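Note that this note's numbering has the sequence shown beginning at 1, numbered continuously upward.
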Amino acid sequence: MSNRRSFLKRSGAALAGLSLAPLVKAQPVKKDPIPYKKGLVISTWWHGLAANDEAHKIIANGGTAVDAAEMGVRITEADATGQSVGVGGLPDRDGNVTLDACIMDSKGNAGSVCFLQDILHPVSVARKVMDDTPHVMLAGEGARRFALDNGFEKTKLLTPESEKAWKEWLKEKEYKPIINIENHDTIGLLSMDKAGDIAGACTTSGLAYKMHGRVGDSPIIGAGLFVDNEVGGATATGLGELVLRTLGSFLIVELMRQGASPQEACEEGVRRIAERNNVKDMQVGYLAVNKAGEVGAYAIHPGFNYALHRDGHNEMIDAKSML
Ligand code: GLY
């Protein structure tokens, strides 16, 4: 018998005797049937209001959480006045707009693109990676080629306003994050449909004036976004490097699995960052939702806000913060 076949036989036998029961079981959450019936959408920053409206329209018409998440953040991606997501995003140091995005559905499927250029809707390319390929993530030129081959049009993403801001920045060439307006106010959106299924999407042009090739947390499954339909979902905004080092969204969902409320889990996610980093000039904000439709939001610094569409109202809410 070949080595490979004997290995497969051995591992099959081993698997047959293996218990797949989880070591940490999802804790039952208090059932609140109202959000299940009407759906719920939560997303980061002011641009979340318009994204929530679009996402909620889809849910109200009986659509799925994943369709709602994708269509919601597409509104932000297409808004050229926003300088941190999609078209109009501020470029890297060399003047290139490079985009990162990911999406997760309620079945645990995930798709992602990073360092993508010339394409208006990275979230939809991420969706296509999820739906139509055996992979989770495509990067750079490979992602761009995949998008063009699949009917996405080549689009100029650098607007005159963002080009002007970049040229101004070039005079000093100094990168100084400024809390809350540091030009990486990603949109992360979590949606719950009428069936109570949860999905999410996250999309950004990343840090303004970043090094060419830099990728942040937003397209990384578990960092910028994580959804486990048995438990809930979480998403992040802010300085991606801090979120990446703690795999923040995965951490928050796992804390909820162990019984933390979305608020407690977001607070612990921020605390983990703060205990290991000097966060004086750095912002991160988290959002989370659980299966009961309870939500949480927390940031390092004041100033992080989010849009919540629940019970027919879409409103901006200021998140609590650690400092
Ligand atoms: N959170 C977005 C980024 O750092 O790229």
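Think of the CB as a built atom: it goes at the ideal place given N, C-alpha and C, for glycine as much as any other residue. Since the structure is predicted, the reported quantities are computational estimates derived from the model, not experimental observations.
The C-alpha of residue 46 lies about 19 angstroms from the C-alpha of residue 123.
Restricted to the stretch 37 to 93, the beta strand (DSSP E) segments that are unbroken, complete and at least 3 residues in length are 40 to 44, listed in chain order. For the set 263, 232, 238, 281, the Cα lying nearest the Cα of residue 108 is the one of 232. Contact annotation, residue 129 with residue 116: C-beta distance approximately 11 angstroms; criterion of less than 8 angstroms not satisfied. DSSP lists 308 as the beta-bridge partner residues of residue 315.
Runs of the alpha helix (DSSP H) lying entirely within the stretch 260 to 295 and spanning at least 4 residues, in chain order: 262 to 276.
Nearest to residue 252 by alpha-carbon distance, out of 225, 314, 25, 277, is 225. DSSP places residue 232 in no alpha helix (DSSP H) but in the uninterrupted beta strand (DSSP E) bounded by 232 to 238. Here residue 210 carries a coil assignment [DSSP, helix/strand/coil].
Assigned with DSSP and collapsed to three states, residue 112 falls in strand.
Nearest neighbour of residue 43 by Cα position, chosen from 323, 98, 315, 282, turns out to be 315.
CA-to-CA, the gap between residue 246 and residue 111 works out to about 21 angstroms.
A contact between stretches requires three or more CB pairs, one per stretch, nearer than 8 angstroms, and the stretch 191 to 203 meets this requirement with the stretch 54 to 65.
Per DSSP, residue 226 is one residue of the beta strand (DSSP E) stretching across 225 to 228. For residue 210, the number of other beta carbons within 10 angstroms of its own is at least 16, and it is reported as buried. Rounded to the nearest angstrom, the gap between the Cα atoms of residue 259 and residue 321 is 22 angstroms. Residue side-chain check: residue 239 places its Cβ nearer than 7 angstroms to a non-hydrogen atom of ligand 1. Note on geometry: alpha-carbon atoms of residue 157 and residue 147 lie some 15 angstroms from one another. Distance from residue 102 to residue 219 at the Cβ level is roughly 5 angstroms; contact confirmed, criterion being Cβ atoms closer than 8 angstroms. Proximity to residue 167 across 208, 52, 282, 236 peaks at 208, based on C-alpha coordinates. Residue 255: not part of any beta strand (DSSP E); member of the alpha helix (DSSP H) spanning 248 to 257, first to last residue.
When the five nearest sequence neighbours on each side are left out, the beta carbons in the same chain lying within less than 6 angstroms of the beta carbon of residue 140 are those of 115, in order along the chain. For the 8 angstroms CB-CB criterion, residue 201 and residue 69 form a contact. When distances are taken from the beta-carbon of residue 44 to the heavy atoms of ligand 1, even the shortest one reaches 7 angstroms or more.
Short note on residue 207: C-beta closer than 7 angstroms to some heavy atom of ligand 1.
Taking C-beta atoms as the reference points, residue 85 and residue 203 count as a pair closer than 8 angstroms.
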